[in-house]
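K.L.:
Before I ask anything, here is the structure I am working with.
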Amino acid sequence: MNHAEIEVYTDGGCLGNPGPGGWAFVLRADNGKFEKEASGFEAATTNNRMELRAVIEALEVCKQYKPKHIVINTDSQYVKNGITSWIKKWKINGWRTASKSPVKNKEYWVALDALNEQLPIQWNWVKGHAGVADNERCDQLVRQAMENGA
1 MNHAEIEVYT DGGCLGNPGP GGWAFVLRAD NGKFEKEASG FEAATTNNRM
51 ELRAVIEALE VCKQYKPKHI VINTDSQYVK NGITSWIKKW KINGWRTASK
101 SPVKNKEYWV ALDALNEQLP IQWNWVKGHA GVADNERCDQ LVRQAMENGA
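Sequential numbering from 1 applies to the sequence shown in UniProt numbering.
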């Protein structure tokens, strides 16, 4: 099945940082005719890892549909700025930050970078907890994953 245009909302969270965490995405295609939601849990993680995991999980699903265009909506400046700006210098600097520290969550950034290279993605930042329905739904799914441990 092909879906030319896919819009995705993602979110991740953590109870404590580090602590038990959850990730989620809401995917819509064909002007809302196709929808998919998914979420997951990690027992000991960080908020940033869960934000990254949500996007990676969503893009792995998108890849199956061979889309012509994907819009990723994230409420994480860390994810948006990391993949659209910071990652270029991290790679040049051998996965080190401007302060020469190793990039945190490198394995997730490497996976996300590979997906970003393979897929036609537009990256958008959305304000969290601002009444955006699909972003609010992701937040709800993340909370459920953290509370239920699944």
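Backbone N, C-alpha and C define an ideal beta-carbon position, used for all residues, glycine too.
This one's a predicted model, so the numbers in the text were calculated from it and none came from an experiment.
By the three-class DSSP mapping on this structure, what secondary structure does Gly82 have?
P.N.:
For the purposes of this step, residue 82 is taken as residue 82 along the sequence shown, with counting starting at 1. Of the three classes helix, strand and coil, the one that applies to Gly82 here is helix, per DSSP.
K.L.:
Relative to the C-alpha of Gly128, which residue among Gln122, Ile121, Cys138, Pro120 is closest?
P.N.:
Numbered from 1 along the sequence shown, position 128 holds the residue referred to as residue 128. It is Cys138.
K.L.:
Using a beta-carbon distance below 8 Å, is Lys66 in contact with chain B?
P.N.:
You won't find chain B in this structure, because it holds only one protein chain.
K.L.:
Tell me the rounded alpha-carbon separation between Asn124 and Lys36.
P.N.:
By 1-based counting over the sequence shown, the position of residue 124 is 124. By 1-based counting over the sequence shown, the position of residue 36 is 36. Rounded to whole angstroms, Asn124 to Lys36 spans 19 Å at the Cα level.
K.L.:
Checking 8 Å against the spacing of the C-beta atoms, do Lys63 and Leu119 come in under that value?
P.N.:
Here residue 63 refers to the residue found at position 63 when the sequence shown is read from its first residue. Here residue 119 refers to the residue found at position 119 when the sequence shown is read from its first residue. Yes, the pair counts as a contact, with Cβ atoms nearer than the cut-off.
K.L.:
Among all the DSSP beta bridges, which residues are the ones paired with Glu7?
P.N.:
Residue 7 sits at position 7 when you count from the first residue of the sequence shown. Arg28, Val71.
K.L.:
Closest to Val79 by CA distance: which of Ile6, Gly13, Glu147 is it?
P.N.:
The residue labelled residue 79 in the question sits at position 79 within the sequence shown. Val79 has its Cα closest to that of Gly13, out of Ile6, Gly13, Glu147.
K.L.:
With DSSP run on the structure shown, which of helix, strand or coil describes Trp95?
P.N.:
Along the sequence shown, one-based indexing puts residue 95 at 95. The answer is coil: DSSP assigns Trp95 none of H, G, I, E or B.
K.L.:
Cα-Cα, which of Val26, Arg28, Tyr65, Leu15 is closest to Arg49?
P.N.:
Position 49 of the sequence shown, counting from 1, holds the residue named residue 49. Out of Val26, Arg28, Tyr65, Leu15, Leu15 has the C-alpha closest to the C-alpha of Arg49.
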